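Visitor:
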Amino acid sequence: MEDTKIIELFFARSEMAINVLASKYEKLLYRVAFNILNNREDTMECLNDTYLGVWNAIPPHRPNPLSAFVCKITRNLSLKKYRSNTAAKRNNAFDVSLEELEPCIPTPSAESEWDAKELARVIGQFLESLSAENRVLFMRRYWFSDSIEDIANLLHMRGNTVAVRLNRIREQLKKYLEKEGFCV
Amino acid sequence: MMERKKDWIADALSELDDKYIDEAVEYVKPKKSFKYIKQISVLAACLLLFVGVGVAVRMGVGGNKTASMEASPGVAKPKEETSAAAAAPMETEAAAELEAAPEATEDAGLEEEQGMSQVTTTENSSVILDTMESQLKAYPNELDEEVLYDMYVCAHGSVVSGQKVWDVFYESVNAGENAQVEIMEYTVEGDPIITSIHYENDRFYIVVDSSRDTFGGNEKYTSYVYDYWKVIDEPQEDGFVLRTVHFANAPLDVFDSEEDIVGYVREQSENSGMEIRTILYVFIEN
Chain F
1 MEDTKIIELF FARSEMAINV LASKYEKLLY RVAFNILNNR EDTMECLNDT YLGVWNAIPP
61 HRPNPLSAFV CKITRNLSLK KYRSNTAAKR NNAFDVSLEE LEPCIPTPSA ESEWDAKELA
121 RVIGQFLESL SAENRVLFMR RYWFSDSIED IANLLHMRGN TVAVRLNRIR EQLKKYLEKE
181 GFCV
Chain V
1 MMERKKDWIA DALSELDDKY IDEAVEYVKP KKSFKYIKQI SVLAACLLLF VGVGVAVRMG
61 VGGNKTASME ASPGVAKPKE ETSAAAAAPM ETEAAAELEA APEATEDAGL EEEQGMSQVT
121 TTENSSVILD TMESQLKAYP NELDEEVLYD MYVCAHGSVV SGQKVWDVFY ESVNAGENAQ
181 VEIMEYTVEG DPIITSIHYE NDRFYIVVDS SRDTFGGNEK YTSYVYDYWK VIDEPQEDGF
241 VLRTVHFANA PLDVFDSEED IVGYVREQSE NSGMEIRTIL YVFIEN
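Chains F and V are the protein sequences, given in the same order.
The numbering of the first sequence is the working numbering, which starts it at 1 and goes up by one.
The numbering of the second sequence is the working numbering, which starts it at 1 and goes up by one.
(1) Determine whether the Cβ of F/Met1 lies closer than 7 Å to any Cβ atom of chain V.
(2) Quick one: using the 10 Å Cβ neighbour count with 16 as the cut-off for buried, is V/Phe215 buried or exposed?
(3) So, is the C-beta of V/Asp11 closer than 7 Å to a C-beta in chain F?
(4) Tell me whether the stretch 13–26 of chain V and the stretch 126–135 of chain F touch, counting them as touching only if at least three CB pairs, one residue from each stretch, are closer than 8 Å.
(5) How would you label V/Tyr226, buried or exposed, when you count the other beta carbons within 10 angstroms and need 16 or more for buried?
(6) To the nearest angstrom, how far is it from the Cα of F/Leu154 to the Cα of F/Ser23?
(7) Cα-Cα, which of F/Ala57, F/Cys71, F/Ile58, F/Asn56 is closest to F/Leu47?
(8) What does the alpha-carbon distance come out to for the pair F/Tyr82 and F/Ile36?
(9) Assuming the contact rule is C-beta atoms closer than 8 Å, F/Lys117 and V/Glu15 should be a hit. Round their C-beta distance to whole Å, please.
(10) Got a sec, what are the start and stop residues for the alpha helix (DSSP H) F/Thr50 sits in?
(11) Using 7 Å as the threshold, is the C-beta distance between V/Tyr186 and V/Ala155 below it?
(12) Do you know how far the Cα of V/Leu148 is from the Cα of V/Pro192?
(13) Helix, strand or coil for V/Met184 per DSSP?
(14) So is F/Val164 buried or exposed if we call it buried at 16+ other beta carbons inside 10 Å?
(15) Mind pulling the chain F residues with CB within less than 8 Å of V/Ser211?
(16) Give the interface partners of V/Asp191 over in chain F, defined as CB-CB distance under 9 Å, in chain order.
(17) I'd like to know whether the C-beta atoms of F/Ala33 and F/Thr4 end up nearer to each other than 7 Å.
(18) With H, G and I counted as helix, E and B as strand and the rest as coil, what does DSSP make of F/Ser14?
(19) Rounded to whole angstroms, what's the CA-CA distance from F/Ile148 to F/Arg141? Just pull it up for me.
(20) Express the C-alpha separation of V/Asn124 and V/Ile206 in angstroms, rounding to a whole number.
(21) For F/Thr107, does the three-state DSSP call read helix, strand or coil?
(22) If I'm right that V/Gly181 touches V/Ile197 with Cβ under 8 Å, what's the distance once you round it to whole angstroms?
(23) Looking at the unbroken alpha helix (DSSP H) that takes in F/Thr74, where does it start and where does it end?
(24) Within the 7 Å Cβ cut-off, does F/Arg185 reach chain V?
(25) Are any of the Cβ atoms in chain F nearer than 7 Å to that of V/Asn174?
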């Protein structure tokens, strides 16, 4: 079903909206949350919270695209949950992907005035300089925390190729950040 | 510090523009396994050739009677056991969690058992009906086993499969919980007709999908809204099997018994020159 129709259902306050949203995006949202939380129960909780969040947000919002809107809600809720979990979850997909990215991102210091939004702006500019496929590769790995294998299947590449491409992208990102004044 | 850095990176990524997320989502490839689907489609097609015929009747009452009936010239008699059909509830855990969420939908109010209430097709109703139509359109032209598994399938006035689905739907409606079911019947020629019934906020939304009926009319999808429901399980001697009867603002004194309904249906049938041997369910609207 088209996203606009789903949004109309939310505006109509029909609970069918939740069902339709879930049937269309649950697989994707599950992946977003599970890659961060690495726990089924926490993931399902986040998904339920996502649906509730969307229900409360629409109306008045009329997000476009809807997919990104719900993915963001899921990711933010998952991050919140992840941080609130006292037992640190090591070696899950989220940690692994972020640890990959860490060496090419500057360490925030007390003196540093950079905030996350500024970094996001520059990363956004960097993404614009990439090809669409490399952009997707970057986002799937570092935003969705997808595994190399999953990305390889998605983009019909070999795992080795994905790993090499990501390595190149990270190097490019590091250079780009340095050029923009971020000292890594 | 390392944790702080990780959080910082994660937060920065969260701030990225939606278009990048959307782009990455759109790259998701559709499911494969076409080969398997094709195989079971062939099986389903074979099944369609051999299964019996069901009949759906929809009538108008109260000076605006319009009958649309499909008759079975077959000789199949309805089974003795006629209790329910099948249904597929659409309730998810999320929906259940939101049960207590505020609802702005207009309340038509399912009144007393013998009560009547005004049916108005509102803007909200059309959104729901449009959604149901879209869901029906999403089904493949050749219905495979995977699709049929979630439906209540009937032929010759008896249940082929999906009894449990119906039971869940029936129980949900009686409990006042939102639910949805797809009912599939077959025409005389063996073409499938799907009727989707969605129950929400004391109201029934119904969309009939005749798109696979090669002998049907031009109208492939027809919609109805009802706010009264009565289920009749008793089998009829003359071959009528009435399972569910949905009234909307109907003069119930006319139909205060199963016999009356059967008689009315028979009359409609004779007037239209069609023979009806089995009737799965009857919808009566104003």
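All C-beta atoms, glycine included, are put in the ideal place defined by N, C-alpha and C.
If you're wondering where the values come from, they're calculated on a predicted model, not measured in any experiment.
Guide: Taking the coordinates as given:
(1) Locating residue 1 of chain F in the first sequence gives position 1, where the first residue counts as 1. Output row for F/Met1: interface = yes.
(2) Here residue 215 of chain V is taken as the residue at index 215 of the second sequence, counted from 1. When all chains shown are included, V/Phe215 counts as exposed.
(3) In the second sequence, residue 11 of chain V corresponds to position 11, counting from 1. For V/Asp11, the answer is yes, since a Cβ of chain F falls inside 7 Å of its Cβ.
(4) yes
(5) Counting from one through the second sequence, the residue named residue 226 of chain V turns up at place 226. It counts as buried.
(6) The sequence position of residue 154 of chain F within the first sequence is 154, counting from 1. The sequence position of residue 23 of chain F within the first sequence is 23, counting from 1. Taking the straight line from one Cα to the other gives about 20 Å.
(7) Working through the first sequence from its first residue, we reach residue 47 of chain F at position 47. Among F/Ala57, F/Cys71, F/Ile58, F/Asn56, the Cα nearest to that of F/Leu47 is on F/Cys71.
(8) By one-based count along the first sequence, residue 82 of chain F stands at place 82. By one-based count along the first sequence, residue 36 of chain F stands at place 36. Straight-line Cα distance between these residues: approximately 7 Å.
(9) Within the first sequence, numbered from 1, the residue matching residue 117 of chain F stands at position 117. Within the second sequence, numbered from 1, the residue matching residue 15 of chain V stands at position 15. Taking 8 Å as the upper bound for CB-CB distance, F/Lys117 and V/Glu15 are in contact here, some 5 Å apart.
(10) Here the question's residue 50 of chain F lines up with position 50 in the first sequence. Run containing F/Thr50: 40–57, per the alpha helix (DSSP H) assignment.
(11) In the second sequence, counting from the first residue as 1, residue 186 of chain V sits at position 186. In the second sequence, counting from the first residue as 1, residue 155 of chain V sits at position 155. Yes.
(12) Against the second sequence, residue 192 of chain V aligns to sequence position 192. Against the second sequence, residue 148 of chain V aligns to sequence position 148. The C-alpha of V/Leu148 is placed about 11 Å away from the C-alpha of V/Pro192.
(13) Your numbering for residue 184 of chain V matches position 184 in the second sequence. Correct three-state label for V/Met184: strand.
(14) Your numbering for residue 164 of chain F matches position 164 in the first sequence. Exposed, because fewer than 16 other Cβ atoms sit within 10 Å of the Cβ of F/Val164.
(15) Counted from its first residue, the second sequence places residue 211 of chain V at position 211. Here the premise fails: no neighbours, minimum Cβ distance about 17 Å.
(16) To locate residue 191 of chain V, count along the second sequence from 1; it is residue 191. Residues of chain F passing the Cβ test: none, with the nearest at roughly 25 Å.
(17) For the purposes of this step, residue 33 of chain F is taken as the residue at position 33 of the first sequence. For the purposes of this step, residue 4 of chain F is taken as the residue at position 4 of the first sequence. No, Cβ-Cβ distance for F/Ala33 and F/Thr4 is not below 7 Å.
(18) Walking along the first sequence from the start, residue 14 of chain F turns up at place 14. Coil.
(19) On the first sequence, position 148 is the one that residue 148 of chain F refers to. On the first sequence, position 141 is the one that residue 141 of chain F refers to. Approximately 7 Å between the Cα atoms of the pair.
(20) Translated into the one-based positions of the second sequence, residue 206 of chain V becomes position 206. Translated into the one-based positions of the second sequence, residue 124 of chain V becomes position 124. Using only the alpha carbons, I get a separation of about 14 Å.
(21) Here residue 107 of chain F is taken as the residue at index 107 of the first sequence, counted from 1. Coil.
(22) In the second sequence, counting from the first residue as 1, residue 181 of chain V sits at position 181. In the second sequence, counting from the first residue as 1, residue 197 of chain V sits at position 197. It is Val, not Gly, that sits at residue 181 of chain V in the sequence shown. Yes, they are in contact, since the Cβ atoms of V/Val181 and V/Ile197 sit about 5 Å apart, within 8 Å.
(23) Translated into the one-based positions of the first sequence, residue 74 of chain F becomes position 74. First-last of the alpha helix (DSSP H) with F/Thr74: 66–84.
(24) This structure cannot speak to residue 185 of chain F, because chain F is shown only from 1 to 184.
(25) Here residue 174 of chain V is taken as the residue at index 174 of the second sequence, counted from 1. V/Asn174 does not count as touching chain F.
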